[in-house]
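Chemist:
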Amino acid sequence: MKQFNTLAILLSNALFYVAMAAGALMMLHVTVDVAARTVFNSPLPGTGEITATYYMIAVAFLPLAWVTLRDEHVTADIFVGNLPAAARHVVATVADLLVIAYVGAFVWQSWLSAMARTNRGEVWEILGGYLPVWPTRWLLPVAGVAMVLVMVFRLLARLSHHRIETGEER
37 MKQFNTLAIL
47 LSNALFYVAM
57 AAGALMMLHV
67 TVDVAARTVF
77 NSPLPGTGEI
87 TATYYMIAVA
97 FLPLAWVTLR
107 DEHVTADIFV
117 GNLPAAARHV
127 VATVADLLVI
137 AYVGAFVWQS
147 WLSAMARTNR
157 GEVWEILGGY
167 LPVWPTRWLL
177 PVAGVAMVLV
187 MVFRLLARLS
197 HHRIETGEER
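For any residue, its number in the numbering used here is found by taking its place in the sequence shown, counting from 1, and adding 36.
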């Protein structure tokens, strides 16, 4: 279980750091675009498209495993919070199974979509050329697989009463 915990930490942290880098690059790219447009009256071509297809997808989806490992997803547990501990455990276990099934379906569908778009060589037309966007289609199945792995780990930890480590100091 310790090795699985270590793998979950490494995987979720790696994707989180890539998302953070994408966020920093997005801020830098947009700042340079605004400065170029304002000072030189010459915006960078494709800034909006690159932001929408590369940076935002990475920032939105790659941290899913990191958030899942830390159990930081938004929840509404007004009803579950008042249940006895055994009932909360059952509800949490069923919820974990449902999330694994749902995200597994998401991974499957996003994988099929990424394969189709890769085979087509999907591009977007931008000022001055074409922007290949098919590579970003793979971010969704990668992020989804990482989340499923972390959810499976969380479920196993819940069932074995293992304490989950996140790699952070308390």
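No residue lacks a Cβ here, since even glycine has one placed at the ideal position from N, Cα and C.
Can you say whether A73 is buried or exposed, counting buried as having 16 or more other CB atoms within 10 angstroms of its CB?
Modeler: As a working note, residue 73 is residue 37 in the sequence shown. Correcting the residue type first, residue 73 is Arg in the shown sequence and not Ala. Its Cβ having fewer than 16 others within 10 Å, R73 is exposed.
Chemist: Comparing alpha-carbon positions, which option in N155, L185, P81, L148 lies nearest G165?
Modeler: If you number the sequence shown from 1, residue 165 lands on position 129. That would be P81, whose Cα lies nearest to the Cα of G165.
Chemist: DSSP three-state label for G157, please.
Modeler: On the sequence shown, residue 157 is found 121 positions in, with the first residue counted as 1. Three-state result, G157: coil.
Chemist: Hey, V169 and L98: beta-carbon distance below 9 Å or not?
Modeler: Locating residue 169 in the sequence shown gives position 133, counting from the first residue. Locating residue 98 in the sequence shown gives position 62, counting from the first residue. In this structure, L98 does not lie closer than 9 Å to V169 by Cβ.
Chemist: What residue does the beta strand (DSSP E) around G165 start on, and which one ends it?
Modeler: Here residue 165 corresponds to residue number 129 of the sequence shown, with the count starting at 1. Unbroken beta strand (DSSP E) run through G165: 165–168.
Chemist: Measure the CB-CB distance between S146 and G117 and report whether it falls below 9 Å.
Modeler: For this step, residue 146 is matched to residue 110 along the sequence shown. For this step, residue 117 is matched to residue 81 along the sequence shown. Not closer than 9 Å, so no.
Chemist: The alpha helix (DSSP H) that contains A58, what's its start and end?
Modeler: On the sequence shown, position 22 is the one that residue 58 refers to. Residues 38–76.
Chemist: Taking only three categories from DSSP, how would you classify I136?
Modeler: Taking the sequence shown and counting its residues from 1, the one referred to as residue 136 is at position 100. Three-state DSSP puts I136 in a helix.
Chemist: Under 8 Å Cβ to Cβ from L119, same chain only, skipping five residues before and after it: list those, please.
Modeler: Residue numbering aside, residue 119 sits at position 83 when the sequence shown is read from its first letter. Around L119: V127.
Chemist: Counting Cβ pairs closer than 8 Å, one from the stretch 52–70 and one from the stretch 131–151, do we hit at least three?
Modeler: No: the two stretches stay apart, fewer than three of their Cβ pairs being nearer than 8 Å.
Chemist: Since I believe T87 is in contact with V66 (beta carbons under 8 Å), could you give me their beta-carbon distance rounded to a whole number of angstroms?
Modeler: As a first step, residue 66 is located in the sequence shown; it is residue number 30 there, counting from the start. As a first step, residue 87 is located in the sequence shown; it is residue number 51 there, counting from the start. Confirmed, about 6 Å.
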